[in-house]
Every structure is written in C-alpha cells, then in structure tokens.
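Just below is one structure, and these are the notes that go with it.
Protein chains: 2
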Amino acid sequence: MNTADLGLPVDVPSTALFTDQYEFTMLQAALKAGTAERRSVFEVFTRRLPEGRRYGVVAGTGRVLDAVENFRFDAGVLGFLREQHIVDEPTLQWLSRYRFSGDIWGYPEGEVYFPGSPIIRVEGTFAECVLLETVILSILNHDSAIAAAASRMSAAAGGRRLIEMGARRTHELSAVAAARAAYVGGFDSTSDLAAGFRYAIPTVGTSAHAFTLLHDSERGAFQAQVDSLGRGTTLLVDTYDVAEAVRTAVDIAGPELGAVRIDSGDLLLVAHRVRQQLDELGAVDTKIVVTSDLDEYAIASLAAAPVDAYGVGTQLVTGSGHPTCSMVYKLVARARSTDPGAPLEPVAKKSLGGKMSVGGRKWAARRLDAEGIAEAEVVGVGEVPAELAERQLLVELVKGGDVVAREPLDAARARHTAAREGLPMSAIQLSRGEAVIPTEYV
Amino acid sequence: MNTADLGLPVDVPSTALFTDQYEFTMLQAALKAGTAERRSVFEVFTRRLPEGRRYGVVAGTGRVLDAVENFRFDAGVLGFLREQHIVDEPTLQWLSRYRFSGDIWGYPEGEVYFPGSPIIRVEGTFAECVLLETVILSILNHDSAIAAAASRMSAAAGGRRLIEMGARRTHELSAVAAARAAYVGGFDSTSDLAAGFRYAIPTVGTSAHAFTLLHDSERGAFQAQVDSLGRGTTLLVDTYDVAEAVRTAVDIAGPELGAVRIDSGDLLLVAHRVRQQLDELGAVDTKIVVTSDLDEYAIASLAAAPVDAYGVGTQLVTGSGHPTCSMVYKLVARARSTDPGAPLEPVAKKSLGGKMSVGGRKWAARRLDAEGIAEAEVVGVGEVPAELAERQLLVELVKGGDVVAREPLDAARARHTAAREGLPMSAIQLSRGEAVIPTEYV
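Chains A and B are the protein sequences, given in the same order. For the first sequence, counting from 1, position 225 maps to 216 in my numbering; every step adds exactly one. For the second sequence, counting from 1, position 52 maps to 43 in my numbering; every step adds exactly one.
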C-alpha cells in the first residue's frame, strides 16, 4: 500500500468538511446548552437489505478509520466556517482542538451483515461523535454497496478471474474506492491505476478499439501491440470481423498469445466460436476475456462458455441496481448528565412512519447450527449469553481515539470469502429473496 | 468559489492516475510503432438516454477542464508506473513532459443533450488525447447522471426550494460533485459543507433526531436550539408526536419560528395537518420542509400539499434509478501519418453487436420550429448548413492546451433552465418516454 503523500487526492489529509451542516449547528447548540459533553453511543445499522438481496457485505471500514484519524480542522476550514457564519466563535474554538478521543467497535471489513446488525458503534461525548455521522455513512454506504455487488459476481464467476473496470462509469474517486471494495468482495484486479497506486490492488489493461482504429489496418495494430507488449498481451478482436481478427492475432503472436478480448456481440456464441478457432489454430493456452455490460446474471449465464476472465464495469460500480445501502447513524444511548460516570440510558425515535430504531448499546453474534452454518444474527443489549460469547461480531477498531485495527486489504478479502462460506447455501442464489438468516433481538 | 489549496482532497492537484491502464499501454505501443503523434479526434457521446428519460443534462464540464489542466506526472506517479512495470522507460520519459496541448470543444455545462450529441470533442495527437478517456468519462458520466435527476426534481418542484442532502448516501467526494451537479440541475442549496467550501454553493442544515434524543425532553432540545440558532431556525418535529412538537416549537420560538421539518410518515397528510396547526397557532409565516426518501415522483405528488421546501438525498445522488450515463469516448477520425498537415480520415468500429459508432469530426446544432421550440438535434460531419450556423451547440473549451471557457457555476445553472425551457413541454413529463426530440444525422 502506497501511503506516501504525493499530493494525490486519494490520500486524504482532512475529512472534516465531509459533513452535513446540521452536525455543526447541533454541536453549537449543545455546547451552549451544556449537553455537548454527555457520554453518547451512536450506531450504524440498516433497517433492511436492498430488495431481494440475501446478505450485505461490510466494506469501507479501513477507510472509515483513515477518515476518523484525519478529521481535523485547520485554519482554512475554520476560516470557511467563520466566514459563512456556520457556527459561532466558541464552537470554532472547540473545533480547532478537535480530535476524536472515543472508542469505535464494529464488524470487521469483509464480514457479512443483515438488517439490524450494529455495523459500527461509536462511543464518546455527543460532541465528538455527532460530527462523524456523514463521513462514516458516506464511506460505508458506498463501499458496502459495491462490495455486495462484487460478492454476488464473484460467487457467480465460480473461481474464474474478475477484473474491475468501471472507473469511467462513476466519479473518479468513487472509482478508487469501488476498486477497493470490489477487491474485498472477491475481484482479482482493477483497470484503475489510482486504485493500484493507493491500495496496491493488481492492475491490468492492454488496449481499446481506438488503438486498432489509429492504425492503417488491424494487422498493423496487432503487430504494434505485440512488438511493444509482447506475445503474452491481450488483443481486442472485435473491432471489425472477429474470426478474421483471431486469425490475424495468432498469425502475429503465435500460440503464445496471452489472451483475446471480446467486447460486443452474443458473448456466449462468440466465446464458443473463438475458443474453437483458437484451438484449431493451436493456441490452446490463449485465454478468452469477455467485457460487455456484464452483471452477476450475465456472468452466471456464461458459466458453460469457454471464458477465462470477466471484465465488469458499469454494473459493478453502480452496485448492480443498488448503488447505495440504507445505513443510518443513530444515537442509541446517552448519559443524562456530563458526569463521566453517569449511566448510559437507551434512547430511540418514537414517531410513527417506519423509521423506528431500537435503543441501547448493542452487541451482536452469529448463531451457528450443528453443522457450523449460520442460522441467525442475534442482536442484544446488555449481557451476552454465554453460548454466544465466542460468536460475537464486533471488534475493537479505535480505542481512546487511536486506531487499533489496521489490516491489509487481503485480510478483509479473505474474511469475506470465509464469511460467505459460513452462510446457508441459498445465500449465493442470484434469485430475489429474503435475508438468508433472520435477525433476532434478545 | 474557494480555490485555495488547503490540503483538502476536493482541490485536485493531479488527475493523471484517474486512468485505466490500457491507455498507458496503448500509448507505449503507439510510441514504439511511430503512430502516437498522428493527429486524432475523440468524441464523447451516448448511444441512448437512460430508459424512459426525455433528455440528458450536461454536467461536469467545469470539472473536466480542471482535470485536463491538472493532468501531470510528478516523480511519485512516474515512480509508481516504473515500479509496477506498467510502461517502459521511453514512455515514462514522454509522460514526464506531458501537458495536453490540443483543443477541446463541447456542449457548455447545463445544456441538454440527446443520443448522438457530441458532448465533448478532443483533438490533438493520439498520444495526448487517448490518456484523457477515463477521467473525462468518470466526471461526465457521474455528474450528468446527478444533474439529470436534479433537473427532473426541479421541474416537479415547480419553483419550491430544493435542498441537496445526499452526502451520506454516496462516496464522500462524489457527494461534493453531486451537490455541484444538483445545483446546475436546479437545486438551491446543499447540506454538504465540502461543496459549500469548494464551489460556494449555499449550505443549510440545523438538527437531527439525535439532538432531540440527547436532551432530557423535546422541549429542552427545542429551547437549546432556539437559544443558540435563533427563532429563525428549523425545528425537527417528528421525533415523538408531531402535533405536540409543533405546539412546543411555536410556544418556544413564537410565530417567528423559521420552519419545521418533517422526516417521516405520510408527508401529504402530515404537511396539511401541520400547516393548519401552525396557522391556528399564528405561525403563518413558518415554513414546512419535508425530507424523507423523496424522488421526483414524490415531489410531484406533494404539489398540492402546503410544503415550502424539499430536502432530497438518496434518490438525487444515485441519479433516481440511473446512477451513471452511458457516455463513451471514441476515436472518430485520425490522420494516416504524423505529418501535422495530413488530412483527418473518419474511423469507426464496424463489428456487429450494437456498439456501432459514426466516424468523422462532428458538429451539432439544435433546429427550432416556428415558435422557437427545439424540434431536432442535428449532428453532421463537414460543412454546417447555413440555416443552422447560428444554432450550433459546441463551444471552444480548451485552445492549444489552455482553458478558455471557465465560468461561474451560476452561468451553467441559468443555462440549464433556459435549455430546458426551449424543449417541447413534454420534456418535463415524469412518465417514461422517448427522447423529446429526435437526433438527425446529416
């Protein structure tokens, strides 16, 4: 992982303005009322999975830790808040000293989640916790949506290689986070160099139709590519006639040709024809990469086709129909005074209209059946039942303001594979359904 | 607009890695083949609008200009490309001197577009143009998707105020771009402070349910908020019982109470009740703000309700069902030699499978009917017919590498309003349909 500050925006020096204005005005009002320092617990959870989905995937936790650590107010940010009269002087003074000093527990990155799972639990004074709402939700809602789509696609791909190539279909920095989340969800590589730079995700890519069209003939383009990138390169064979292109490709590169890429047409049909042609030409080790508006259903439909790798763009970076999660950040408990020893009291919104929440500081555990397969997400307040003590899901992420749970991205990726394998088989069915295990409140 | 470099990632110092790897490998192969310096024309266009949509909205153009200007390779980026063996030494040498020196024309920001509209036209050497593909598409595909949703919502709101508050539902930097695009599409303000900081978009926000729950009573919370933020503030009235909250709110703030916000329940019903209650309490000037999973349809359905402002989150920043556009960046013409005087020849992909494109360097104009209303998007290669000369859509954005078309965001916003008003009335129908005017190729 490249953490050097090279002036690139992917290396975030401050996250303090990724904040909705109301967090600052609430802070100001609470400071004046003397309630800002009441000990408080906020939790991130979702009331429902996206329609039809069987499980969610926690992604972005590592980015949340970076964001919390970098949540600082320098002179420029404070000057903006002052000029725009967003908060008053006492609040600006308070902000100038801001550094999160509380505790954060949460589901580790790559873990699966269900409705009601307390994905992140932030504990500290109201003032220090309330400011983190927007940036934590932005990261988790985006990254988890991409990881969930990636997980479905990787299940559908059944071990074949998956390349993330959606940078052009989403905001240029979402793209970097999307490549990261896709990797957590099971993708193998990305076309996005900023993601390779920032997160050391393997990068791939060779050529587009423009390269063929630049040259006077397809043969000239293929020759130029092989001359420069070697016989192991991937040649794009669908600019003109696919069969002709495959013939030319093997003629130039020989059986050592790395791969051919097909980016249009009936992929099932074309892949079969191309495989047969490659084999007849002796290029039995040349791989076939397909890339054309793929989603998890298209990937599954190509299971019987002679395809070696899938490149996925639009549908991956837009969450395959669900570009965001519905995670919220809610105050679930707070002390009645600013005395640090004052007990926490559960709180919850009571109004009608489907936005109820459950008060109290929560634990969560996944109960397994006799075969060791998950059978329920158990969420509770208070003591953890002894039989679930070893199955608890929340881990300590930040302790007294210090990040204590940094890990390589590969750890999150491996955790996701293991977590998904621990679910009932029906979790990876692509058909629409309910959450694959129920959430039980105890 | 705040352009000071305060170390915030929203102020992008280099955009050179927001690039798919294949752009670099194509560059390397073309440099070796001697074709890299062939004069080339790339165009951004879309083959179709999102299903059911009547028009598209160009947004992000200003960000594209920033990205092109900042597309530079410093030692850190070059070191990464070298270490990862992404390109060879001659290519790294070439990149170290990179500065786009060509010309860019395009639809001005806020303009509407249709299938085939040449939204951006980039002209220069193949080498300098090919590298810009991903970053240009990322920006336009994201920002235009948000602006299109914003435009539909602003048409549905019929002059009532619209607040963008979706930061928590999308990547933290997408959020900043989304607030900007929403403003172009007709929104009035944003909750996102980074967007206020970077683009001087008006920011708003007062309090969340957590603020009420922090305090020992709703009355205590309202009193604290009014004490700190004044009687003109907006009180959130749906934490417990709405009618009780409205009574308490007016009791504390008096008829000078700025607004009440309703964030749950049957908004149509609740808004009517709250308006009646406010009027009976004498708070006839107190506004009603509604915020709860709104989209353009929900906004339209509240047209007859006594609502003064809409806060829109999820559905705005996810493009209301269409989180990305399908814009592509295609080589449409190139010279057959590197002689700067060599004529441009049209090129186009010929393979079957629905990804056809039209070769040649294009102009576009919008033909009007006798009433001055748009009746066709006319796209052509070669001479512009005299009767359309005054209706051309592309303007010069970059000349010889220098940005020549920077403008305030308000100019793009005003342009969008005017462009939408120039379309047939059916453009702003929310029902699904075809593009409101046809694209004619001449």
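A virtual CB, placed ideally from N, CA and C, is assigned to each residue, including glycine.
Within chain B, partners of residue i - CB distance below 8 Å
{"i": "Val195 (chain A)", "result": "Gln12"}
{"i": "Lys441 (chain A)", "result": "With chain A running from -8 to 433 in the structure shown, residue 441 (chain A) is simply not present."}
{"i": "Thr430 (chain A)", "result": "The contacting residues do not exist; Thr430 (chain A) stays about 22 Å from chain B at best."}
{"i": "Gln75 (chain A)", "result": "Gly187 and Thr194"}
{"i": "Gln19 (chain A)", "result": "Ser219 and Leu220"}
{"i": "Arg325 (chain A)", "result": "Leu204 and Leu205"}
Inter-residue spacing [alpha-carbon to alpha-carbon] between residue i and residue j
{"i": "Ser283 (chain B)", "j": "Ala186 (chain B)", "result": "22 Å"}
{"i": "Val251 (chain B)", "j": "Asp179 (chain A)", "result": "50 Å"}
{"i": "Ala365 (chain B)", "j": "Glu102 (chain B)", "result": "13 Å"}
{"i": "Ala295 (chain A)", "j": "Val280 (chain A)", "result": "14 Å"}
{"i": "Ala201 (chain B)", "j": "Gly371 (chain A)", "result": "21 Å"}
{"i": "Gln75 (chain B)", "j": "Leu184 (chain A)", "result": "10 Å"}
{"i": "Ala324 (chain B)", "j": "Ile77 (chain B)", "result": "27 Å"}
{"i": "Ala367 (chain A)", "j": "Phe105 (chain A)", "result": "10 Å"}
{"i": "Leu307 (chain B)", "j": "Ile154 (chain A)", "result": "29 Å"}
{"i": "Ser145 (chain B)", "j": "Glu336 (chain A)", "result": "43 Å"}
{"i": "Asp299 (chain A)", "j": "Arg151 (chain A)", "result": "6 Å"}
{"i": "Thr10 (chain B)", "j": "Ile110 (chain B)", "result": "20 Å"}
{"i": "Leu226 (chain A)", "j": "Ser198 (chain A)", "result": "7 Å"}
{"i": "Arg38 (chain A)", "j": "Val237 (chain A)", "result": "51 Å"}
{"i": "Arg327 (chain B)", "j": "Glu14 (chain A)", "result": "59 Å"}
{"i": "Thr315 (chain B)", "j": "Gln268 (chain A)", "result": "37 Å"}
{"i": "Ser31 (chain B)", "j": "Ala396 (chain B)", "result": "22 Å"}
{"i": "Ala409 (chain B)", "j": "Gly176 (chain B)", "result": "11 Å"}
{"i": "Gly392 (chain A)", "j": "Asp330 (chain A)", "result": "20 Å"}
Residues near residue i in its chain [Cβ-Cβ closer than 7 Å; skip 5 each side]
{"i": "Val349 (chain A)", "result": "Ala339 and Tyr432"}
{"i": "Leu69 (chain A)", "result": "Leu83, Leu86 and Ser87"}
{"i": "Glu60 (chain A)", "result": "Val394"}
{"i": "Ala291 (chain A)", "result": "Ala147 and Leu421"}
{"i": "Phe64 (chain A)", "result": "Ala7, Leu86, Ser87 and Tyr89"}
{"i": "Val217 (chain A)", "result": "Thr224, Ile243 and Ala244"}
{"i": "Ala158 (chain A)", "result": "Ala166, Ser182 and Asp183"}
{"i": "Val49 (chain B)", "result": "Tyr98, Glu100, Gly101, Glu102, Tyr104, Ile110 and Ser135"}
{"i": "Tyr231 (chain A)", "result": "Glu209"}
{"i": "Ala27 (chain B)", "result": "Leu18, Ala21, Thr116, Phe117 and Ala118"}
Amino acids of chain A, ordered along the chain, whose beta-carbon sits closer than 7 Å to that of residue i
{"i": "Ser129 (chain B)", "result": "Ala158, Arg159, Thr161, His162, Glu163 and Ala166"}
{"i": "Pro314 (chain B)", "result": "Thr309 and Pro314"}
{"i": "Thr125 (chain B)", "result": "Ala158 and Arg159"}
Contacts of residue i in chain A (Cβ-Cβ under 8 Å)
{"i": "Lys321 (chain B)", "result": "His200 and Ala201"}
{"i": "Arg29 (chain B)", "result": "Leu205"}
Identified DSSP bridge partners for residue i
{"i": "Gln383 (chain B)", "result": "B:Ala356"}
{"i": "Ala367 (chain A)", "result": "A:Arg358"}
{"i": "Leu435 (chain A)", "result": "The structure shown does not extend to residue 435 (chain A), since chain A is modelled only from -8 through 433, so no value can be given for it."}
{"i": "Ile253 (chain B)", "result": "B:Val281"}
{"i": "Trp85 (chain A)", "result": "For Trp85 (chain A), which the question treats as bridged, DSSP gives no partner whatsoever."}
{"i": "Val103 (chain A)", "result": "A:Val48"}
{"i": "Arg63 (chain A)", "result": "For Arg63 (chain A), which the question treats as bridged, DSSP gives no partner whatsoever."}
{"i": "Gly226 (chain B)", "result": "Gly is not the amino acid found at residue 226 (chain B); the sequence shown has Leu there. Answer by DSSP bridge pairing, in chain order: B:Val251."}
{"i": "Lys390 (chain A)", "result": "A:Asp393"}
{"i": "Glu431 (chain B)", "result": "B:Val369"}
Contact list for residue i against chain B, beta-carbon separation under 7 Å
{"i": "Phe117 (chain A)", "result": "Leu205"}
{"i": "Leu8 (chain A)", "result": "Leu(-1), Leu184, Ala185 and Phe188"}
{"i": "Val121 (chain A)", "result": "Ala201"}
Close-in-space but distant-in-sequence residues of the same chain around residue i (CB under 8 Å, 5 per side omitted)
{"i": "Met(-8) (chain A)", "result": "With a pLDDT of 38 at Met(-8) (chain A), under the threshold of 50, the predicted position of this residue should be treated as unreliable, and no value is reported."}
{"i": "Gly363 (chain A)", "result": "Gly413"}
{"i": "Glu119 (chain B)", "result": "Tyr89, Phe91, Ser92 and Gly93"}
Closer than 9 Å at the beta carbon, the chain A residues around residue i
{"i": "Val394 (chain B)", "result": "Going along chain A, no residue has its Cβ under 9 Å from Val394 (chain B), so there is no contact; the nearest lies around 18 Å."}
Neighbour list for residue i in chain B, Cβ cutoff strictly below 9 Å
{"i": "Thr329 (chain A)", "result": "Here the premise fails: no neighbours, minimum Cβ distance about 11 Å."}
Close beta carbons around residue i, own chain, < 6 Å, minus the five adjacent residues each side
{"i": "Ala140 (chain B)", "result": "Leu307, Gly310 and Ser311"}
{"i": "Arg423 (chain B)", "result": "Gly43"}
{"i": "Val1 (chain A)", "result": "Model confidence at Val1 (chain A) stands at a pLDDT of 39, short of 50, so the residue's coordinates are unreliable; what they give is reported in the following sentence. Within the same chain, Val1 (chain A) has close Cβ partners Val167, Ala185 and Arg189."}
Anything in the segment 178 to 202 of chain B with a Cβ closer than 7 Å to a Cβ of chain A? List those residues in chain order, please.
Ser182, Asp183, Leu184, Ala185, Gly187, Phe188, Thr194, Val195, Gly196, Thr197, Ser198, Ala199, His200, Ala201 and Phe202
Given a limit of 7 Å on CB to CB distance, which residues of the segment 130 to 150 of chain B reach chain A?
Under the 7 Å Cβ criterion, the segment 130 to 150 of chain B contributes Ile130, Asn132 and His133.
Closer than 9 Å, Cβ to Cβ, to anything on chain A: give me those residues from the segment 271 to 283 of chain B, in chain order.
Ser283
For the segment 292 to 308 of chain B, list every residue whose C-beta sits within 8 Å of some C-beta in chain A, in sequence order.
Thr305 and Val308
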